[in-house]
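Here's the structure, in structure tokens; my notes come after.
There are 2 protein chains.
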Amino acid sequence: MNSILLEQMSDQFKLLGDRTRMNIVSLLYGQELCVCQLVELMDTTQPNISQHLRKLKDAGLVREKRRGQWSYYHLQLEDKPHLQEIFKYVPSMNGKIKDKLSKLSCEIGA
Amino acid sequence: MNSILLEQMSDQFKLLGDRTRMNIVSLLYGQELCVCQLVELMDTTQPNISQHLRKLKDAGLVREKRRGQWSYYHLQLEDKPHLQEIFKYVPSMNGKIKDKLSKLSCEIGA
DNA sequence: TGATTATATAACTATGTACTTATATAATGA
DNA sequence: TCATTATATAAGTACATAGTTATATAATCA
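As structure tokens, then:
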């Protein structure tokens with residue numbers, strides 16, 4: 001079986017062990033979202049979200065693509081099969097997302 | 111898909127996000143071990159291990175069975191399919207364990 | 001250019017927590 | 001009963017970190 005370095009797994013779990021970050025990645029599962037969309041969807045401040053995104057990005061869990069003034073983030077799980085397995089058990093947020101974002105001027109990502 | 115409460119998953123990941131605890135559970139994957147065996151296998155003190163085991167036990171990740179003066183701990187994953195998936199990717203420790211424990215008086219668990 | 005919007009960073013505070021040391025509890029056996 | 005071994009708990013310390021507030025950077029558009 002493809003085993004992953006224990007320390008690396010533990011570090012990744014530490015990131016998911018914070019509810020704000022777990023919330024972020026669960027929202028990013030299935031679509032990319034920009035920071036202002038995450039701010040709209042979550043109950044915290046923009047700097048807080050940006051700082052968590054930074055940590056997720058440093059660990060390679062998400063990637064950023066800037067389009068104009070917006071920074072879109074998406075999950076990067078291709079090389080992380082163990083995390084892919086986990087997300088099969090994460091409740092889908094896709095339904096709730098589109099309703100809440102209709103008033104924003106940025107586009108809704110793919 | 112059987113989705114699990116996001117907060118619950120995050121709390122479990124927080125436990126696995128500590129390397130000492132991740133080490134403990136990886137050693138318990140496949141066999142039960144008592145505290146003194148974990149002390150022998152790991153590079154830390156008995157109180158430290160006991161305190162981590164307490165947290166894992168409180169969260170329902172491990173169970174304890176006392177036999178004589180020894181407390182044996184084993185993983186409790188039957189009702190946690192998402193964690194079962196993860197452990198498929200954890201490198202097996204079984205080989206290294208039996209060598210190191212030969213000098214101890216407690217039995218080697220099933 | 002200046003105003004506005006989006007995002008990132010920095011500094012600070014408050015809280016959480018891993019680990020250590022010391023000690024208590026519990027079981028065993030002489 | 002007393003000594004020994006195994007484990008748990010308690011108290012203290014040092015460090016990590018989540019969140020806030022203030023500010024900087026960057027892009028857009030009038």
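Going down the list, the sequences are from chains A and B.
Residue 107 in the numbering used here sits at position 107 of the first sequence, and the numbers go up by one each step.
Positions in the second sequence are counted from 1; adding 110 to them yields the numbering used here.
Just so it is clear, CB atoms sit at the ideal spot from N, CA and C, and this is done for glycine as well.
Exposure label - residue i; buried when at least 16 CB within 10 Å
{"i": "A/Ser-92", "result": "exposed"}
{"i": "B/Asn-127", "result": "Position check: residue 127 of chain B holds Gly in this sequence, whereas Asn was assumed. So B/Gly-127 ends up on the buried side."}
{"i": "A/Glu-50", "result": "According to the sequence as given, residue 50 of chain A is Ser; it is not Glu. It counts as exposed."}
{"i": "A/Ser-3", "result": "exposed"}
Residue i and residue j closer than 8 Å at C-beta
{"i": "A/Val-90", "j": "B/Leu-116", "result": "yes"}
{"i": "B/Leu-166", "j": "B/Ile-134", "result": "yes"}
{"i": "B/Ser-120", "j": "A/Arg-63", "result": "no"}
{"i": "B/Tyr-183", "j": "B/Glu-217", "result": "no"}
Contact with chain A by residue i, beta-carbon distance below 8 Å
{"i": "B/His-74", "result": "Since the displayed chain B opens at 111 and closes at 220, residue 74 of chain B lies outside it and no answer follows."}
{"i": "B/Tyr-199", "result": "yes"}
{"i": "B/Leu-104", "result": "No answer is possible for residue 104 of chain B: it lies beyond the span of chain B, which begins at 111 and ends at 220."}
{"i": "B/Asp-189", "result": "no"}
{"i": "B/Gly-170", "result": "no"}
{"i": "B/Met-119", "result": "yes"}
{"i": "B/Gly-140", "result": "no"}
{"i": "B/Ser-181", "result": "no"}
Beta-carbon separation (whole angstroms), residue i vs residue j, contact threshold 8 Å
{"i": "A/Leu-61", "j": "A/Leu-75", "result": "7 Å"}
{"i": "B/Leu-137", "j": "B/Ile-207", "result": "7 Å"}
CB contact below 8 Å: residue i versus chain B
{"i": "A/Lys-55", "result": "no"}
{"i": "A/Lys-14", "result": "yes"}
{"i": "A/Ser-85", "result": "Going by the sequence as given, residue 85 of chain A is Glu instead of Ser. Chain B contact via Cβ: present."}
{"i": "A/Asn-94", "result": "no"}
{"i": "A/Asn-23", "result": "yes"}
{"i": "A/Ser-26", "result": "yes"}
{"i": "A/Arg-19", "result": "yes"}
Straight-line Cα distance separating residue j from residue i
{"i": "A/Ser-105", "j": "A/Met-22", "result": "26 Å"}
{"i": "B/Gln-156", "j": "B/Lys-198", "result": "28 Å"}
{"i": "B/His-192", "j": "B/Leu-211", "result": "31 Å"}
{"i": "A/Gln-12", "j": "B/Gln-118", "result": "17 Å"}
{"i": "B/Gln-194", "j": "B/Gly-140", "result": "12 Å"}
{"i": "B/Leu-187", "j": "B/Lys-175", "result": "16 Å"}
{"i": "B/Cys-144", "j": "B/Ser-181", "result": "5 Å"}
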